[in-house]
Amino acid sequence: MNERCFSLAALTVLELSPPEMAEVAARAGYDRVGLRLIPATPEEHHFPLIADAALRRRTQARLRDTGIAVLDVEILRLRPETDVACDFAAALEVGAELGASEVLVAGNDDDEGRLTDNFAALCELAERFGLHPHLEFMPWTGVCDLSQARRIVATANRPNAGLLVDAFHFEHSGSRLDELAEVPRHWIRYAQLCDVAGPRPDSMDEIIRQARQARCFPGEGDIDLAGLLAVLPPDVPLSLEVPTQALRERGVSALERARGALTASRRLLDIIC
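So the sequence shown is numbered by full-length UniProt numbering: it starts at 1 and just counts up by one.
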């Protein structure tokens with residue numbers, strides 16, 4: 001049996017409050033959770049952990065009672081108008097308070113120089129809290145593939161800077177395993193695992209829809225996950241980010257979906273490792 005550390009990502013069970021996430025993660029057999037401090041979109045239902053001290057206390061109590069730790073907090077978006085200190089100091093403080101070690105960062109800025117400067121500034125701020133910002137590449141953002149993410153992290157050149165590999169985005173950005181093999185190991189402190197069925201869609205809107213609603217449990221789609229896992233550091237925690245809106249609409253509970261993602265992931269690793 002593979003002993004890899006698994007974390008339940010917020011997007012997999014987005015309807016759950018943070019205390020409920022900790023409970024479901026524990027019941028499903030996870031080691032950690034990832035908590036969404038800032039909503040990904042204006043329309044997304046959100047649990048205001050930053051503003052709600054009572055919710056933070058309930059979350060911390062449930063984490064303590066279940067033995068579940070926090071792996072990462074999300075999602076910090078670097079935009080053209082971003083003021084790193086004003087926009088993110090509170091999120092980083094709460095992330096550290098909750099015991100996170102990693103921060104998920106999206107680059108929503110087409111000016112690579114400005115984006116790199118803001119990422120470097122975020123790393124400097126996060127260092128005060130003992131946190132490691134991980135820049136995630138996504139095909140529809142200002143950081144569209146592994147090559148660009150690698151360049152930005154290298155140019156930022158901060159000791160706590162990281163690069164986040166999500167299996168879905170790796171596949172749909174056309175990134176290459178040989179390039180991933182050249183990424184410094186210390187940049188990758190965790191990775192996101194999922195699968196997706198079928199070829200890359202021609203429409204970016206459809207790619208975004210799949211990313212947010214229609215992924216598959218690992219091993220049940222068409223991504224070369226064996227190849228990806230062979231290149232990633234063998235001991236990094238795996239965050240299971242597997243939104244399955246169709247299952248939710250059919251009444252499959254968050255616990256069942258979380259358990260299904262973990263069972264499939266363990267089965268995949270037992271086969272390939």
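Every residue, glycine too, gets a C-beta built ideally from N, C-alpha and C.
Cross-strand partners of residue i (DSSP beta bridge)
i, result
"Phe217", "Answer is none; Phe217 lacks a bridge partner."
"Phe6", "Leu238"
"Asp166", "Gln192"
"Glu74", "Arg36"
Distance, residue j Cα to residue i Cα
i, j, result
"Leu125", "Arg250", "43 angstroms"
"Ala258", "Ser17", "14 angstroms"
"Met204", "Cys86", "32 angstroms"
"Ala69", "Gly107", "26 angstroms"
"Cys5", "Leu268", "14 angstroms"
"Glu3", "Ala28", "15 angstroms"
"Gly67", "Asp111", "42 angstroms"
"Tyr30", "Arg266", "11 angstroms"
Nearest-angstrom Cβ-Cβ length linking residue i and residue j, presumed shorter than 8 angstroms
i, j, result
"Asp195", "Ile152", "Not confirmed; about 27 angstroms, so no contact."
"Ala22", "Gln192", "Contact doesn't hold; Cβ gap of about 19 angstroms is too wide."
"Val236", "Tyr190", "5 angstroms"
"Ala226", "Phe168", "The Cβ separation is near 16 angstroms, so there is no contact."
"His132", "Val165", "The pair is not a contact, with the Cβ atoms about 14 angstroms apart (cut-off 8 angstroms)."
Assigned exposure category for residue i - 16 Cβ within 10 Å defines buried
i, result
"Thr12", "buried"
"Thr41", "exposed"
"Ser175", "buried"
"Ser173", "buried"
"Asp109", "buried"
"Pro19", "buried"
"Phe32", "Residue identity check: residue 32 is Arg in the sequence provided, not Phe. Burial call: buried."
Sub-8 angstroms separation of residue i and residue j beta-carbons
i, j, result
"Asn160", "Cys216", "no"
"Ala261", "Leu238", "no"
"Arg7", "Leu71", "In the sequence as displayed, the identity of residue 7 is Ser instead of Arg. Yes, they are a contact pair."
"residue 278", "Leu135", "This structure gives no information on residue 278, because the portion of the chain shown stretches from 1 to 273."
"Leu228", "Leu177", "yes"
"residue 277", "Leu255", "Since the first residue shown for the chain is 1 and the last is 273, residue 277 is missing from the structure and cannot be characterised."
"Glu220", "Ala264", "yes"
"Asn118", "Thr141", "no"
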